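All remarks here apply to the structure that follows.
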Amino acid sequence: EALMVSIFLYVPNSIGYARCLFMVLALAYWQDSTTFLLLYSASFGLDAWDGYFARLLEQSSELGAVLDMLTDRSGSAMILMILAQLYKSFAPIFLVLMYLDCFSHWVQTPSGLCSGTSSDKQAGNQSPIIRFYYARPVLTFTCLFNELFFIMLYLLHFKEGTVVMISGLSINILKLFTWGFCLVVFAAKQLVNINQIVSAHTILQSSPSSSWTRLKSITTMQMTEYA
-12 EALMVSIFLY
-2 VPNSIGYARC
8 LFMVLALAYW
18 QDSTTFLLLY
28 SASFGLDAWD
38 GYFARLLEQS
48 SELGAVLDML
58 TDRSGSAMIL
68 MILAQLYKSF
78 APIFLVLMYL
88 DCFSHWVQTP
98 SGLCSGTSSD
108 KQAGNQSPII
118 RFYYARPVLT
128 FTCLFNELFF
138 IMLYLLHFKE
148 GTVVMISGLS
158 INILKLFTWG
168 FCLVVFAAKQ
178 LVNINQIVSA
188 HTILQSSPSS
198 SWTRLKSITT
208 MQMTEYA
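Residue numbers for the sequence shown follow our numbering, so the first one is -12 and each next one is one higher.
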């Protein structure tokens, strides 16, 4: 019991709780662009610190790994649902993106159990594209600007952005950054999500029967606990 309490109070896990709190508050103020962006950015920004303190204090845990993944997926789902509300004519696209994001990450849970990895970031058995994606600089860059694409879409609903004149042309800085740069990274991230699904299913298809037996055993135990 003492061990369980100490895990719940790990610094990186406490950061995860703070991220969840900021996210809930951001959702409550989603119609106030300034408040929402401050709260959502705080939740997103703390994502870099839970892993840092987990390594620094040697406080890595399964709870922390699951909490981090759940918080990331919840945050992405939240802003996509808000965008679906703000841009109603594009709502089906945002909902499909939400499904793709959640499915591409969760399908790695059974594939990880079959391949012996405990995290979606342990990509040793994955395709070369996935291994390249999970290299730290690439992962950080892609996640940052993919998230910024959603944030910029949210911001553009409330603000026009600054317009500057360059060689006689009117350039909207906010729109140029969104559609000229963030969109490219966003598109690459969706291709990675699709590749994650294909790679995970390849691992599941090629897994030995013993791995499937282990996976079914774990699933049965979980269903029994919730029954």
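In this text, a Cβ means the ideal position worked out from N, Cα and C, and glycines have one as well.
If you're wondering where the values come from, they're calculated on a predicted model, not measured in any experiment.
Euclidean distance between Cα positions of residue i and residue j
i: glycine 111; j: glycine 3; result: Confidence at glycine 111 is low in this model, with a pLDDT of 49, below 50, so its placement is unreliable and no value can be given for it.
i: glutamate 147; j: isoleucine 160; result: 10 Å
i: isoleucine 133; j: aspartate 34; result: Per the sequence shown, the amino acid found at residue 133 is asparagine instead of isoleucine. If you take the alpha carbons of asparagine 133 and aspartate 34, they lie about 14 Å apart.
i: threonine 129; j: isoleucine 80; result: 20 Å
i: alanine 5; j: phenylalanine 77; result: 31 Å
i: threonine 127; j: tyrosine 120; result: 9 Å
i: glutamate 45; j: methionine 152; result: 52 Å
i: alanine 52; j: phenylalanine 164; result: 32 Å
i: leucine 70; j: leucine 12; result: 17 Å
i: tyrosine -3; j: cysteine 7; result: 15 Å
i: serine 1; j: threonine 96; result: 24 Å
i: glutamine 222; j: valine 150; result: As displayed, the chain neither begins before -12 nor continues past 214, which places residue 222 out of reach and without an answer.
i: serine 28; j: serine 48; result: 25 Å
i: tryptophan 36; j: valine 172; result: 23 Å
i: phenylalanine 90; j: valine 185; result: 11 Å
i: isoleucine 158; j: isoleucine 138; result: 20 Å
i: leucine 156; j: tryptophan 166; result: 17 Å
i: threonine 58; j: leucine 73; result: 23 Å
i: arginine 42; j: leucine 131; result: 21 Å
i: leucine 82; j: leucine 14; result: 17 Å
i: alanine 174; j: leucine 26; result: 26 Å
Span of the beta strand (DSSP E) around residue i
i: serine 30; result: Premise fails: serine 30 lies in the alpha helix (DSSP H), 20 to 32, not in any beta strand (DSSP E).
i: serine 157; result: 156 to 159
8 Å Cβ cutoff met for residue i and residue j
i: phenylalanine 40; j: proline -1; result: yes
i: isoleucine 117; j: glutamine 183; result: yes
i: arginine 60; j: histidine 92; result: yes
i: cysteine 169; j: phenylalanine 145; result: no
i: isoleucine 66; j: tyrosine 16; result: no
i: valine 94; j: alanine 187; result: yes
i: isoleucine -6; j: leucine 84; result: no
i: leucine 240; j: lysine 162; result: This structure gives no information on residue 240, because the portion of the chain shown stretches from -12 to 214.
i: serine 225; j: aspartate 88; result: Not covered by the structure: residue 225. The range shown for the chain is -12 to 214.
Opening and closing residue of the alpha helix (DSSP H) in which residue i lies
i: valine 83; result: 78 to 93
i: glycine 167; result: Neither: glycine 167 is in no alpha helix (DSSP H) and is coded neither H nor E.
i: leucine -4; result: No alpha helix (DSSP H) contains leucine -4, which DSSP labels as neither H nor E.
i: serine 47; result: No alpha helix (DSSP H) contains serine 47, which DSSP labels as neither H nor E.
i: glutamate 134; result: 123 to 145
i: tyrosine 120; result: 115 to 120
Buried/exposed call for residue i, threshold 16 Cβ in 10 Å
i: aspartate 55; result: buried
i: tyrosine 86; result: exposed
i: phenylalanine 23; result: buried
i: phenylalanine 9; result: buried
i: threonine 21; result: exposed
i: serine 154; result: exposed
i: isoleucine 181; result: exposed
i: lysine 75; result: exposed
beta-carbon residue i near the ligand COA non-hydrogen atom, thresh 7 Å
i: tyrosine 121; result: Looking for the ligand COA in the displayed structure turns up nothing, as the structure carries no ligands at all.
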